[in-house]
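Student: Starting off with a structure, shown below.
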Amino acid sequence: MKYVDEFREKKLIMNLADQIKRSARGEYTFMEVCGGHTAAIHRFGIPSLLPPGIKLISGPGCPVCVTAVDYIDRLIALSFTRGVAVATFGDLMRVPGTVSSLSEAHAGGADVRVVLSAYEALEIAWSHHDLNVVFPAIGFETTAPGTAVTVLKAASEGTENFFVLNAHKVMPPAMEEIIRGGTHIDGFICPGHVSVITGSSAFEFIPRNYSLACVITGFEPTDILSAILMLIRQISDNNPRVEIQYNRAVTAAGNVKAQEFMNEVFEPCDAEWRGLGVINSGGLTLREKFVNFDAGASFNIEVPHHEPDPVCICGEILRGVSRPDQCVLFATACTPVHPVGACMVSDEGACNAFFKYHVHE
Amino acid sequence: MSEKISLSHGGGGRQTHDLIQGVFTKRFGMKDPMTDSAILTVPSAMIAFTTDSYVIDPIFFPGGNIGKLAICGTVNDLAVSGADPKYIAAAFIIEEGFGTSDLEKIASSMADEAEAAGVKIVTGDTKVVEKGQCDGLFITTTGVGILREEYAHISSAIRVRSGDRLIINGSSGNHAVTILAARRNLTFDVPLISDCAALNHMIRKVLDNNDGVHFMRDLTRGGLAAVLNELAAMTGRGITVEEDSVPVDEPVRGLCEILGFDPLAMANEGKVIVVAAPGEADKILNIMRSCPEGKDSSIIGIVTEERPGRVVLNSSTGGTRFLDMPSGIQLPRIC
Numbered sequence: 026m027k028y029v030d031e032f033r034e035k036k037l038i039m040n041l042a043d044q045i046k047r048s049a050r051g052e053y054t055f056m057e058v059c060g061g062h063t064a065a066i067h068r069f070g071i072p073s074l075l076p077p078g079i080k081l082i083s084g085p086g087c088p089v090c091v092t093a094v095d096y097i098d099r100l101i102a103l104s105f106t107r108g109v110a111v112a113t114f115g116d117l118m119r120v121p122g123t124v125s126s127l128s129e130a131h132a133g134g135a136d137v138r139v140v141l142s143a144y145e146a147l148e149i150a151w152s153h154h155d156l157n158v159v160f161p162a163i164g165f166e167t168t169a170p171g172t173a174v175t176v177l178k179a180a181s182e183g184t185e186n187f188f189v190l191n192a193h194k195v196m197p198p199a200m201e202e203i204i205r206g207g208t209h210i211d212g213f214i215c216p217g218h219v220s221v222i223t224g225s226s227a228f229e230f231i232p233r234n235y236s237l238a239c240v241i242t243g244f245e246p247t248d249i250l251s252a253i254l255m256l257i258r259q260i261s262d263n264n265p266r267v268e269i270q271y272n273r274a275v276t277a278a279g280n281v282k283a284q285e286f287m288n289e290v291f292e293p294c295d296a297e298w299r300g301l302g303v304i305n306s307g308g309l310t311l312r313e314k315f316v317n318f319d320a321g322a323s324f325n326i327e328v329p330h331h332e333p334d335p336v337c338i339c340g341e342i343l344r345g346v347s348r349p350d351q352c353v354l355f356a357t358a359c360t361p362v363h364p365v366g367a368c369m370v371s372d373e374g375a376c377n378a379f380f381k382y383h384v385h386e
Numbered sequence: 222m223s224e225k226i227s228l229s230h231g232g233g234g235r236q237t238h239d240l241i242q243g244v245f246t247k248r249f250g251m252k253d254p255m256t257d258s259a260i261l262t263v264p265s266a267m268i269a270f271t272t273d274s275y276v277i278d279p280i281f282f283p284g285g286n287i288g289k290l291a292i293c294g295t296v297n298d299l300a301v302s303g304a305d306p307k308y309i310a311a312a313f314i315i316e317e318g319f320g321t322s323d324l325e326k327i328a329s330s331m332a333d334e335a336e337a338a339g340v341k342i343v344t345g346d347t348k349v350v351e352k353g354q355c356d357g358l359f360i361t362t363t364g365v366g367i368l369r370e371e372y373a374h375i376s377s378a379i380r381v382r383s384g385d386r387l388i389i390n391g392s393s394g395n396h397a398v399t400i401l402a403a404r405r406n407l408t409f410d411v412p413l414i415s416d417c418a419a420l421n422h423m424i425r426k427v428l429d430n431n432d433g434v435h436f437m438r439d440l441t442r443g444g445l446a447a448v449l450n451e452l453a454a455m456t457g458r459g460i461t462v463e464e465d466s467v468p469v470d471e472p473v474r475g476l477c478e479i480l481g482f483d484p485l486a487m488a489n490e491g492k493v494i495v496v497a498a499p500g501e502a503d504k505i506l507n508i509m510r511s512c513p514e515g516k517d518s519s520i521i522g523i524v525t526e527e528r529p530g531r532v533v534l535n536s537s538t539g540g541t542r543f544l545d546m547p548s549g550i551q552l553p554r555i556c
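Which chain is which? The protein sequence lines are R and W, in order. Quick note on the working numbering: the first sequence kicks off at 26 and runs consecutively. Quick note on the working numbering: the second sequence kicks off at 222 and runs consecutively.
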């Protein structure tokens, strides 16, 4: 397969693994903050190719995993509201709320539909005038522009039956929160898709303020291994900076058009991240002008606040403090079939990837 | 026959009779008088007996339709148990308004497929339900096969030992990806057809010419990943798979890559995994390759004593990971 096989060539991979072995001096802990990286690292068996001193830990990069339980509860309540259809990304279907999930709500008769984009949800609204369609807007800078464009389209078309329940988040403040929280990290494998939008400049504060190495990388095994090698070299040279390994997709400035759409529709706000708590300017909220599309403001959906299961250590895993297999629920009470915490639900969740793929001890 | 199936076709009266005679019995070669049960002569002490329901959406898809699928699926369930498929019962739940000509096409492909596989459709049932109570057509087929005693071990996996080789008869995931592309409003074409096929002739040829088969199972929902995990759990042994050796067609790889699916966990309808004694694996591979349904057969892995109950994949990129049992649903109503 063109543009894929080139990045999965065994010879190149083995060569990179060998260079890493020869360059590594002592111990390193690198954190990835992109769910796509988490899944790729485990799917390609990257840990089995690294020397034992290099530890890869997963940060809060899975959009589903950092979504607060109350948000899921509100979605479920909405899905049972007469005349409302929830049109969601499939990832959210099985995420456990306090007592059930959207998947269980669907089985119980709620109108829940899976869509591949926000725009598809808007199209459902256009073809069902009697239905109020709610799109759960989750994800980082990767998905927020898509929501923004869809809201702008709904506004320009005068659509009155399309809403978003917004929980968009932005990544750089969460990375800063993790650094300040004291998690030991030697460098970041910076997110690929987020960086396509934000550009590498969004992460410049990390080497500048915290002297930590940063490499933005893609999702193929050669990308990830190259990034690890580049991080090791930054540390050896004592020259922390933001490097772009994923230069076939990422620039310093990013996708300016997408940023403009985001800024037009959203403004920064404090946001609750599952496992991390409320992060200053860690989220996006719809600007006043678009309040008509805010499902939170348009429907009366109060749900009681619940604390997550105290035994589940999703929070520690999302902060990179613990590994999935250090949780007593891991692979016993908590499995992909019966997830307790959100990290086990999504394909991008650290626990899910660890459960499915991880052989290396 | 009227153009559409109506509730009266399920009423048990004249129209029901017309439906059964006009659409089914003449195609299936059933003889009058119609009795409540088919009376069969079975020259064996052991039979294999299986049933399966088909609810696939869409009913017609590239490479087949629900009728062909219903015959192949049940024939394969019998064949991989080591049995010779002989008789099939077919039950139809039809939604009011379903096109009679579509039903005839489906019945014809069932008849053709049954004839090719050497099985007889000997009994059946039809019900018609109100609009909206089912989606077009659901079919249940139940099959009986003759099982010779020397093959009774095959479905139980009791002879599987470490060192046994795993053989697949061709590429993984074609059925699921074909259905996915036919169903979702994907904006690109997938040059692919379902692998839906009866495997009993190939399996018969293997069993007649070699006694080294220790286990067989067809790869349906959950694909190769599900069956290998079932085998690891049944035998308490480990399985190691070489990703490079598993045939996957380019369009399947491409679509799975875009949508984030694992081709090894995608459904098939004409694939079998054969577990063979180490010394016989190459001979069995050659027999399989000599059959049209097995021309792309490949040895993909080995049974081991390591990591009991787990399937380990040596990925084509050089890393090692588990190939886990798929969970949740990739696609509802795939068969």
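Glycine residues also receive a C-beta, built at the ideal position from the N, C-alpha and C atoms. What you are looking at is a predicted structure, and each value in this text was computed from that prediction instead of being measured.
(1) If we ignore side chains and look at the alpha-carbon of each, how far apart do residue 327/R and residue 65/R end up?
(2) Do residue 321/W and residue 226/W have their C-beta atoms within less than 8 Å of each other?
(3) Evaluate contact between the stretch 69 to 77 of chain R and the stretch 96 to 114 of chain R, counting only Cβ atoms and requiring at least three cross-stretch pairs below 8 Å.
(4) Which residue or residues does DSSP assign as beta-bridge partners of residue 402/R?
(5) Taking 8 Å as the threshold (beta carbon to beta carbon), is residue 542/W in contact with chain R?
(6) Which whole-angstrom value is the C-beta distance of residue 526/W and residue 474/W, which I expect to be below 8 Å?
(7) What residues in the stretch 45 to 74 of chain R have a beta carbon less than 7 Å from any beta carbon of chain W?
(8) Relative to the C-alpha of residue 249/R, which candidate in 200/R, 45/R, 26/R and 28/R has its C-alpha closest?
(9) Can you give, in chain order, each stretch of the beta strand (DSSP E) that sits fully within the stretch 49 to 89 of chain R and has at least 3 residues?
(10) Looking at C-beta atoms only, is the number of pairs between the stretch 149 to 160 of chain R and the stretch 179 to 191 of chain R that lie closer than 8 Å three or more?
(11) Where does residue 224/W land, buried or exposed, given buried means 16+ other C-beta within 10 angstroms?
(12) Which residues in chain B sit within 8 Å of residue 26/R, going by Cβ to Cβ distance?
(13) Between residue 372/R and chain W, is any beta-carbon pair separated by less than 8 Å?
(14) Any beta-carbon of chain R closer than 8 Å to the one on residue 538/W?
(15) Would you check if the stretch 230 to 249 of chain W and the stretch 364 to 378 of chain W touch, i.e. whether three or more CB-CB distances between them fall below 8 Å?
(16) Does any residue of chain R have a CB that is nearer than 8 Å to the CB of residue 364/W?
(17) In or out: residue 170/R buried (at least 16 other Cβ within 10 Å) or exposed?
(18) Strictly under 8 Å for the Cβ-Cβ distance: is residue 233/R near chain W by that measure?
(19) Using a C-beta cutoff of 8 Å, does residue 533/W count as contacting chain R?
(20) The alpha helix (DSSP H) that contains residue 233/R, what's its start and end?
(21) Between the Cα of residue 364/R and the Cα atoms of 119/R, 164/R, 112/R and 183/R, which residue gives the shortest distance?
(22) Taking residue 437/W as the reference, give the member of 494/W, 454/W and 390/W with the closest Cα.
(23) Spatial neighbours of residue 547/W within its chain, please: CB distance less than 8 Å, with the 5 preceding and 5 following residues excluded, ordered by chain position.
(24) Apply the 10 Å Cβ neighbour rule to residue 270/R and answer buried if 16 or more other Cβ atoms are within range, or exposed otherwise.
(25) For the 8 Å Cβ check, are there 3 or more pairs between the stretch 410 to 418 of chain W and the stretch 387 to 399 of chain W?
(26) In chain R, which residues lie with their C-beta within 7 Å of the C-beta of residue 481/W?
(27) Report buried or exposed for residue 371/W, applying the criterion of at least 16 other Cβ atoms within 10 angstroms of its Cβ.
(28) Which runs of the alpha helix (DSSP H), 4 residues or longer, sit entirely within the stretch 409 to 479 of chain W?
(29) Got a sec: is the Cβ-Cβ distance from residue 383/R to anything in chain W below 8 Å?
(30) Taking a cut of 9 Å between CB atoms, which residues from the stretch 321 to 346 of chain R lie near chain W?
(31) Relative to chain W, which residues along the stretch 247 to 263 of chain R have a C-beta separation below 8 Å, given in chain order?
(32) Spell out whether any CB of chain W is found under 8 Å from the CB atom of residue 39/R.
(33) What does a CB cutoff of less than 6 Å around residue 266/R pick up in its chain, not counting 5 residues either side in sequence?
(34) Please state whether DSSP places residue 191/R in a helix, a strand or coil.
(35) Give every residue of the same chain whose Cβ lies closer than 6 Å to the Cβ of residue 259/R, excluding the five residues on either side of it in the sequence, and list them in chain order.
(36) Please classify residue 553/W as buried or exposed, where buried requires at least 16 other C-beta atoms within 10 Å of its C-beta.
Tutor: Based on what the coordinates show:
(1) In a straight line, the C-alpha of residue 327/R is about 38 Å away from that of residue 65/R.
(2) yes
(3) no
(4) For chain R, the structure presents residues 26 to 386; residue 402/R sits outside this window and is missing.
(5) yes
(6) With a Cβ gap of about 32 Å, residue 526/W and residue 474/W do not count as contacting.
(7) Of all residues in the stretch 45 to 74 of chain R, only 67, 68, 69, 70, 71, 73 and 74 come within less than 7 Å of chain W when Cβ atoms are compared, listed by chain position.
(8) 45/R
(9) 53 to 57 and 79 to 83
(10) yes
(11) Of the residues assessed, residue 224/W falls on the exposed side of the cut-off, its CB having fewer than 16 other CB atoms within 10 angstroms.
(12) No chain B appears in the structure shown, which is made up of the protein chains R and W.
(13) Closer than 8 Å: yes.
(14) yes
(15) Too few Cβ pairs lie closer than 8 Å, so no.
(16) no
(17) buried
(18) no
(19) Taking 8 Å as the CB threshold, residue 533/W lines the interface with chain R.
(20) For residue 233/R, the enclosing alpha helix (DSSP H) has its first and last residue at 230 to 235.
(21) 119/R
(22) 494/W
(23) If we look at residue 547/W and ignore the five residues flanking it on each side, its Cβ neighbours are 443, 444, 446, 447, 483 and 486.
(24) buried
(25) yes
(26) 372
(27) Residue 371/W comes out exposed.
(28) 421 to 430 and 444 to 456
(29) yes
(30) none
(31) none
(32) Under the Cβ criterion of 8 Å, residue 39/R is counted among the residues facing chain W.
(33) 232
(34) strand
(35) Cβ within range, chain order: 238 and 265.
(36) Around the C-beta of residue 553/W, fewer than 16 other C-beta atoms lie within 10 Å, and the residue is accordingly described as exposed.
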